[in-house]
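Residue numbers (our numbering): 511 to 629.
Input: a single structure, listed below in structure tokens.
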């Protein structure tokens, strides 16, 4: 399960980066509010990484928060996109929820071996 989480996490992160930096016309859209899309994407990525790398949860939270900020800043390069602090805040909130959910799942009785318990 750990390997699958890592592969899915890296794949989803690449997808998020491409969707974030692509021109607005190439960005996938849903009927959901944009803030919910941002929140959900970062919550899913951070959950997968935190589940796949259980001893690196704090580092994952910091790195993905930096990635979120960097992706918003890089949007300023694309004429059809804009980076905003509010978007970064929503993405970082998603990271917190994803990492917290992975941590809670790890604490579930019988979920992990004793050598994999979170620190």
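Ideal placement from N, C-alpha and C gives every residue a C-beta, glycine not left out.
Range of the contiguous alpha helix (DSSP H) that encloses residue i
| i | result |
| --- | --- |
| residue 597 | 595-617 |
| residue 579 | 567-584 |
| residue 513 | 512-531 |
| residue 537 | Unbroken run through residue 537: none, as it is neither H nor E. |
| residue 563 | Where residue 563 is concerned, there is no enclosing alpha helix (DSSP H), given that its DSSP letter is neither H nor E. |
Proximity to residue i [Cα-Cα], best of the options
| i | options | result |
| --- | --- | --- |
| residue 560 | 608, 617 and 618 | 608 |
| residue 572 | 532, 590 and 606 | 606 |
| residue 575 | 584, 590 and 604 | 604 |
| residue 532 | 581, 612, 613 and 550 | 581 |
| residue 612 | 530, 558, 544 and 529 | 558 |
| residue 534 | 601, 586 and 614 | 586 |
| residue 536 | 619, 590 and 614 | 590 |
| residue 568 | 619, 595, 610 and 543 | 610 |
Beta-carbon proximity list for residue i, same chain, < 7 Å, skipping 5 on both sides
| i | result |
| --- | --- |
| residue 632 | It is not possible to answer for residue 632, since the shown part of the chain is limited to 511 through 629. |
| residue 523 | 555 |
Contact set for residue i: own chain, Cβ-Cβ below 8 Å, skip 5 residues either direction
| i | result |
| --- | --- |
| residue 548 | 597, 600, 601 and 604 |
| residue 540 | 547 |
Same chain, Cβ closer than 6 Å to residue i, five either side skipped, listed in chain order
| i | result |
| --- | --- |
| residue 545 | 600 |
C-beta atoms of residue i and residue j nearer than 7 Å
| i | j | result |
| --- | --- | --- |
| residue 538 | residue 529 | yes |
Rounded distance between the beta-carbons of residue j and residue i, thought under 8 Å
| i | j | result |
| --- | --- | --- |
| residue 583 | residue 593 | 5 Å |
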